[in-house]
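Q: Have a look at this one before I ask anything.
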Amino acid sequence: MDEPPAVGELTPPDRTLMGPGPSDVHPRVLKAMSTPLVGHLDPSFIEIMEEVQDLLRYTFQTDNKWTIPVSGTGSAAMEAAIGNVVEPGDTMLVPTNGYFGDRMASMAERAGGDVVTVDAPWGQPLDPAAVEAAFDEHSPDVFGFVHAETSTGVLQPSVPELTDIAHANDALVIADTVTSLGGVELRVDEWDIDVAYSGPQKCLSCPPGASPLTLNDNAMDKVLNRESEARSWYLDISLLEGYWGEERAYHHTAPITNVYALREALRLVAEEGIEERWDRHLRVAGALKAGVEGMGLEMNAPEDFWLPSLNTVRVPDGVDDGAVIQHLLDEYDLEIASGLGALEGDIWRIGCMGHSARRKNVSYLLAALGNALGEQGAAVDVDAGLAAMSERF
Ligand SMILES: Cc1ncc(COP(=O)(O)O)c(C=O)c1O
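Here is the structure:
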């Protein structure tokens, strides 16, 4: 190549992010990301690591010592959890009621595990009776479930019931809390969850890159006493423990800037208070839902299992879901997403997460969505939607 590529200055559009993640990043988090680097073994960074671990424990509501940010996106924390806890020959029970249960299955297979499933339709949570029956039939060593299924907008209720079943059968529980951590009630210790992983770009409103993971002593005991090494060197928790544990020895160069960002995002959680933050998501997403329904649209998730951080709205008959998404992007700089997997074309996915869970965003979204639907000739009543939203606020 003779000429250098003529790449201009970076000027991404100024979007409002109301999709399934990333969500709008708080300005304080962006500011934290522009602070100078220190080395990943600098004494000042060691202190920052400790602070991040403490803040993560608070956000997960756990005293677990083994609470760390994993370098990479939510899938890295997910693979660290599954790839370390599942040993070759283990059986892992996974759900079939959404997109991310399938990803759990793929990861468990790659870890050398045998996968068995507990079924529920897409758009429904797992029934504890079905989980019990699956335990009776398969005696799994590990049970994975998705607390907040981003593909369906369904929140898994009765988590303690599920963990009780697993523990009565001597299995470890891995919870996917990617779309719940910091936005929806989650109590890792009280609910007896052995391992929980998450992502920073959802209810924590932090850019992706360093992803929360927590393991209790039982899970860590299994990880540290594996017969064979974890298949991934990079995500081997027994090696990561050397860096994030007492030794603070080099394993890989931590994504310093992402750790800064996570620290600030978690400081915002602590300042707000975790329970107040859960309440805010309920309040703001409740107004969003009231607005959508007031407009004449239908939510996809059943009322009892509605997930405030991710709202699934049914696409009315005759409406082109992709054209609406494009209109919102082109005319309003507003991102929402289409359905995934079995629900593709049937729903829109509207996030209400972290810094995006604000009244300003919700009223903007409702007005813009009403306009996009109007362009398609859909019979929606935007004023009624906005009135229902205001009433809820
Ligand atoms: C429930 C759930 N699990 C796992 C993931 C994977 O996270 P990431 O895309 O950050 O790798 C996502 C991402 O949307 C998710 O919603």
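For the sequence shown, my numbering assigns the number 26 to the initial residue and increments by one for each residue that follows. A virtual CB, placed ideally from N, CA and C, is assigned to each residue, including glycine.
What's the call for A133, buried or exposed, on a 16-neighbour Cβ count within 10 Å?
A: Buried, since its Cβ has 16 or more Cβ neighbours within 10 Å.
Q: Kindly say whether L390, judged by its beta-carbon, lies nearer than 8 Å to any beta-carbon of chain D.
A: Looking at the structure shown, chain D is missing, and only one protein chain is on hand.
Q: Measuring straight from C-alpha to C-alpha, what distance separates L291 and I281?
A: Between L291 and I281, the C-alpha separation is close to 15 Å.
Q: For I183, tell me which candidate among G208, V156, T204 has the shortest Cα-Cα distance.
A: Per the sequence presented here, residue 183 reads as Ser, with Ile not at that position. The shortest C-alpha separation from S183 is found at V156.
Q: With DSSP run on the structure shown, which of helix, strand or coil describes E300?
A: Here E300 sits in helix by DSSP.
Q: What are the uninterrupted segments assigned as alpha helix (DSSP H) that are 4 or more residues long and contained completely in the segment 314–402, given in chain order?
A: For the segment 314–402, whole alpha helix (DSSP H) runs of length 4 or above, ordered along the chain, are 346–357, 384–400.
Q: A221 and L287 - do their beta-carbons sit closer together than 8 Å?
A: Taking 8 Å as the Cβ cut-off, L287 and A221 do not qualify as a contacting pair.
Q: Is the beta carbon of M58 within less than 7 Å of some heavy atom of ligand 1?
A: Answer for M58: no, Cβ out of range of ligand 1.
Q: So, helix, strand or coil for A200, using DSSP?
A: Residue state, collapsed to three classes: strand.
Q: Considering P234, what are the terminal residues of the beta strand (DSSP E) in which it resides?
A: The identity of residue 234 in the sequence shown is Gly, whereas the question assumes Pro. Here the beta strand (DSSP E) through G234 covers 234–240.
Q: Return yes when the Cβ of G99 is within less than 8 Å of the Cβ of S223, no when it is not.
A: Yes, Cβ-Cβ distance for S223 and G99 is below 8 Å.
Q: Just checking G462 against ligand 1 - is the residue's beta carbon closer than 7 Å to any of the ligand's heavy atoms?
A: For residue 462 there is no data in the structure shown, the boundaries of the chain being 26 and 418.
Q: With burial defined as no fewer than 16 other Cβ atoms inside 10 Å of the residue's Cβ, what is the status of N250: buried or exposed?
A: It is exposed - the Cβ of N250 has fewer than 16 other Cβ atoms within 10 Å.
Q: Check whether the Cβ of T121 sits closer than 7 Å to any heavy atom of ligand 1, and report yes or no.
A: False, no ligand heavy atom lies under 7 Å from that Cβ.
Q: Say the cut is 7 Å; is the CB of M414 nearer than that to a heavy atom of ligand 1?
A: For ligand 1, not one heavy atom lies less than 7 Å from the Cβ of M414.
Q: I'd like to confirm the pairing. Which residues does DSSP put opposite M117 in its beta bridges?
A: M117 pairs with V140, V167.
Q: Assuming the contact rule is C-beta atoms closer than 8 Å, V110 and K314 should be a hit. Round their C-beta distance to whole Å, please.
A: Contact doesn't hold; Cβ gap of about 36 Å is too wide.
Q: So what does DSSP say about L293, is it helix, strand or coil?
A: Reduced to three states, the DSSP call for L293 is helix.
Q: At what residues does the alpha helix (DSSP H) containing P185 begin and finish?
A: 184–193 is the span of the alpha helix (DSSP H), which, as asked, contains P185.
Q: Assuming D49 contacts H380 (C-beta within less than 8 Å), just tell me the rounded distance between them.
A: The Cβ separation is near 5 Å, so the contact holds.
Q: Counting along the chain, where does the alpha helix (DSSP H) carrying P52 start and finish?
A: Note, P52: alpha helix (DSSP H), 52–58.
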